[in-house]
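Colleague: Handing you this structure, nothing more for now.
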């Protein structure tokens, strides 16, 4: 089985002919192709998201937000009283927020809401109930607090915000919250002064206890009397300061009723949702492209060490139903694709009669039978004598292909007189075989209904007996990963064509198929990328269907 070799391509699939694995890298062009294929779905997602978010936003009730601003001046000093005793500690970051959602401040807010006559009775109860839930759960829902404090000086601004479905209600609530915080801060300062007063009172009690001792020396008694007078002065000053004490917080601006609602904003929300959906869709498209291990273009097959001998377009079902498969394949695109495949195949085969070519795939449904029929017809139109054998009894489809829109056909005697008209019967009775002439120079042998295991000796005898009558014998066989008979037939071939379908065939399945073919020594000649979409064909072009110039046989 000698063959003419293209110096740029391996004829048989052997370990020494395998291409070195390419380093893992991201091909930006292939990445863009993958994203472009998924772009319609991304845009559909955006088109569905935008109106859905817009409608949802329109259905939401209005939310108004009013805000009040408080200023903190750091620590509190009490004139005339030692700072170490009555000095209020500064508010650390986050302390006022904790106070706002704590039981003291929130309790005062709830009490004032219940007593405030500006709220309708129904709303008053509803607000109080919601605030009570927030107090028990210690979370801020109706109110928010934003701090802008200098960490060194402990001075800055606090912004208190209240939200409600009514503008006037949000104004009332935020002012109540601001007053409650001011009262809490004043109470914090009063507690500091109260602690100082209790300390002074304790000192007076102790001094009085010591002065009650009649045996106390005169000098020590005079010292205690002077200390008692000083402590009494401080205690009096502390009590006076408590009358007008203020905390470290001051109200800068009270809350006002907002003129426009904070939410909903349908147009803005829909626009942001559309941008987010577009970004997420593109990211998802990129990830799916990177994770997609299906054959999409010829480049996906390059790393497997074999050439792609042909790129065939997807036929329109309407045309196939109207004109039959062979008639529909006469279109210019399919004609050119089949022509390139024919030239590439012939340039890699010997000119000796009876060259055997097996057409197979990794799995059913990838179009191997269709391709076998189109290839056989293209070879016959080029003047080659072709015998097409349907060797796939499990999913036989060649008989149906050639019966659609076919001219008058007749049975011819291949050998002997009369005899069998099916492939599996011909293997057992090779001396008397008839074939169907479906086209000039093209004969067809159907599979038949049997699926008995093929015997290598019978197959070899049949092929050798048929070799002198034909230039090429094409076998349409079951997928390599499905039936063991395909491996038996493949070992007797001069070339094996592996059909892959764009967007469907798994690269892992192709790798498994080639590994199995290599184990038994099948002469895998190359790939045929089948059922290509128009966009893929326009981007690639048929000229890339083969590498280098074909060698003339």
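Residue numbers (the UniProt record's numbering): 1 to 553.
For glycine and all other residues, C-beta sits at the position ideal for the given N, C-alpha and C.
When we look at the beta-carbon of residue 424 and count the other beta-carbons within 10 Å, is it buried (16 or more) or exposed?
Modeller: Counted from its first residue, the chain shown places residue 424 at position 424. When all chains shown are included, residue 424 counts as buried.
Colleague: Could you compute how far the alpha carbon of residue 366 sits from the alpha carbon of residue 468?
Modeller: Counting from 1 along the chain shown, the entry for residue 366 is found at position 366. Counting from 1 along the chain shown, the entry for residue 468 is found at position 468. Roughly 32 angstroms separates the two Cα atoms.
Colleague: With residue 68 as the anchor, note down where its beta strand (DSSP E) starts and where it stops.
Modeller: Along the chain shown, read from residue 1 onward, the residue named residue 68 stands at position 68. Segment 64 to 73, the beta strand (DSSP E) holding residue 68.
Colleague: With a threshold of 6 angstroms on Cβ separation, who are the neighbours of residue 487 within its own chain once the five nearest residues in sequence on each side are excluded?
Modeller: Within the chain shown, residue 487 is the residue found at index 487, counting from 1. These residues qualify, in order along the chain: 520.
Colleague: Name the one or two DSSP bridge partners that residue 574 has.
Modeller: Past the boundaries of the shown model lies residue 574; the chain is included only from 1 to 553, so the question cannot be answered.
Colleague: Looking at C-beta atoms only, is the number of pairs between the segment 521 to 530 and the segment 491 to 498 that lie closer than 8 angstroms three or more?
Modeller: Short answer: they touch.
Colleague: Taking all protein chains shown into account, do 16 or more other C-beta atoms lie within 10 angstroms of the C-beta of residue 137, making it buried, or fewer, making it exposed?
Modeller: If you number the chain shown from 1, residue 137 lands on position 137. It is exposed - the Cβ of residue 137 has fewer than 16 other Cβ atoms within 10 Å.
Colleague: Quick one: measure Cβ to Cβ for residue 96 and residue 181, integer angstroms, because I've assumed they're closer than 8 angstroms.
Modeller: Position 96 of the chain shown, counting from 1, holds the residue named residue 96. Position 181 of the chain shown, counting from 1, holds the residue named residue 181. That belief holds up - the Cβ atoms of residue 96 and residue 181 are roughly 7 angstroms apart, short of 8 angstroms.
Colleague: Look at the Cβ atom of residue 285, then the Cβ atom of residue 42, and state whether they are nearer than 7 angstroms.
Modeller: Here residue 285 refers to the residue found at position 285 of the chain shown. Here residue 42 refers to the residue found at position 42 of the chain shown. Taking 7 angstroms as the Cβ cut-off, residue 285 and residue 42 qualify as a contacting pair.
Colleague: For residue 159, I'd like the list of residues in its chain whose CB is within less than 6 angstroms of its CB, leaving aside the five on either flank, ordered along the chain.
Modeller: Here residue 159 refers to the residue found at position 159 when the chain shown is read from its first residue. Cβ neighbours of residue 159 beyond the five flanking positions: 67, 69 and 146.
Colleague: Would you report the Cα separation of residue 476 and residue 369, rounded to the nearest angstrom?
Modeller: Translated into the one-based positions of the chain shown, residue 476 becomes position 476. Translated into the one-based positions of the chain shown, residue 369 becomes position 369. Computed Cα separation, rounded: 6 angstroms.
Colleague: Nearest-angstrom Cα distance between residue 508 and residue 276?
Modeller: Working through the chain shown from its first residue, we reach residue 508 at position 508. Working through the chain shown from its first residue, we reach residue 276 at position 276. Those two C-alpha atoms are separated by around 34 angstroms.
Colleague: Quick check on the DSSP output: the beta strand (DSSP E) that includes residue 162 runs from which residue to which?
Modeller: Position 162 of the chain shown, counted from the first residue, corresponds to residue 162. Note, residue 162: beta strand (DSSP E), 155 to 164.
Colleague: Tell me which residues share the same chain as residue 105 and place their Cβ nearer than 7 angstroms to its Cβ, disregarding the 5 neighbours each side in the sequence.
Modeller: On the chain shown, position 105 is the one that residue 105 refers to. Excluding positions up to five away in sequence, the list reads 99, 180, 181 and 184.
Colleague: As a quick exercise: from 375, 110 and 337, pick the residue whose alpha carbon is nearest that of residue 472.
Modeller: Here residue 472 refers to the residue found at position 472 when the chain shown is read from its first residue. It is 375.
Colleague: Short check: CB of residue 340 to CB of residue 305, under 7 angstroms?
Modeller: Numbered from 1 along the chain shown, position 340 holds the residue referred to as residue 340. Numbered from 1 along the chain shown, position 305 holds the residue referred to as residue 305. Against a cut-off of 7 angstroms, the Cβ pair of residue 305 and residue 340 comes out as no contact.
Colleague: Between the segment 430 to 437 and the segment 450 to 466, do at least 3 Cβ pairs fall closer than 8 angstroms?
Modeller: These segments touch.
Colleague: Could you give the distance in angstroms between the alpha-carbon of residue 402 and the alpha-carbon of residue 373?
Modeller: Walking along the chain shown from the start, residue 402 turns up at place 402. Walking along the chain shown from the start, residue 373 turns up at place 373. In a straight line, the C-alpha of residue 402 is about 8 angstroms away from that of residue 373.
Colleague: Are there 16 or more other CB atoms within 10 angstroms of the CB of residue 620, so buried, or fewer, so exposed?
Modeller: Residue 620 cannot be examined here, being either before or after the span of the chain that is shown, 1 to 553.
Colleague: On a CA-only basis, which of 109, 142, 364 and 234 is nearest residue 196? Give me that one, please.
Modeller: Taking the chain shown and counting its residues from 1, one reaches residue 196 at position 196. If we check each option's Cα against that of residue 196, 234 comes out closest.
Colleague: At what residue ranges does the segment 333 to 393 contain a whole run of the alpha helix (DSSP H), taking only runs of 4 or more?
Modeller: Correct list: 368 to 381.
Colleague: Secondary structure at residue 527, three-state DSSP: helix, strand or coil?
Modeller: Here residue 527 corresponds to residue number 527 of the chain shown, with the count starting at 1. Three-state result, residue 527: strand.
Colleague: Would DSSP call residue 250 helix, strand or coil?
Modeller: As a position in the chain shown, residue 250 is number 250, starting the count at 1. Correct three-state label for residue 250: strand.
Colleague: Does the contact criterion of 3 or more C-beta pairs under 8 angstroms hold for the segment 312 to 320 versus the segment 328 to 335?
Modeller: Segments in contact, yes.
Colleague: Can you name the residues that DSSP bridges to residue 310?
Modeller: Residue numbering aside, residue 310 sits at position 310 when the chain shown is read from its first letter. DSSP output for residue 310 lists 528 as bridge partner(s).
Colleague: On the CB-based measure, 16 or more other CB atoms within 10 Å of its CB, does residue 297 come out buried or exposed?
Modeller: As a working mapping, residue 297 is identified with position 297 in the chain shown. Classification for residue 297: buried.
Colleague: By the 10 Å Cβ neighbour count, where 16 or more other Cβ atoms means buried, how is residue 62 classified, buried or exposed?
Modeller: Mapped onto the chain shown, residue 62 falls at position 62. Residue 62 comes out exposed.
Colleague: Taking the alpha-carbon positions, what's the residue 120 to residue 161 distance?
Modeller: Start at 1 with the first residue of the chain shown, and residue 120 comes out as number 120. Start at 1 with the first residue of the chain shown, and residue 161 comes out as number 161. Distance between the alpha carbons of residue 120 and residue 161: 22 angstroms.
Colleague: Look at the alpha carbon of residue 176 and the alpha carbon of residue 271, and state the distance between them as a whole number of angstroms.
Modeller: Here the question's residue 176 lines up with position 176 in the chain shown. Here the question's residue 271 lines up with position 271 in the chain shown. Distance between the alpha carbons of residue 176 and residue 271: 36 angstroms.
Colleague: Candidates 46, 256, 428 and 440: which alpha carbon is nearest residue 453's?
Modeller: Stepping through the chain shown from its first residue, residue 453 is reached at position 453. Out of 46, 256, 428 and 440, 428 has the C-alpha closest to the C-alpha of residue 453.
Colleague: Whole angstroms are fine: how far does the CA of residue 502 sit from the CA of residue 47?
Modeller: Position 47 of the chain shown, counted from the first residue, corresponds to residue 47. Position 502 of the chain shown, counted from the first residue, corresponds to residue 502. If I take the Cα positions, the gap works out to 28 angstroms.
Colleague: Beta carbon of residue 65, beta carbon of residue 163: below 7 angstroms?
Modeller: Along the chain shown, one-based indexing puts residue 65 at 65. Along the chain shown, one-based indexing puts residue 163 at 163. Yes, Cβ-Cβ distance for residue 65 and residue 163 is below 7 angstroms.
Colleague: Taking only three categories from DSSP, how would you classify residue 304?
Modeller: For the purposes of this step, residue 304 is taken as the residue at position 304 of the chain shown. Three-state result, residue 304: coil.
Colleague: To which residues of the same chain is residue 603 closer than 6 angstroms at the C-beta, ignoring the five residues directly before and after it?
Modeller: There is simply no residue 603 to check, as the chain begins at 1 and stops at 553 in what is shown.
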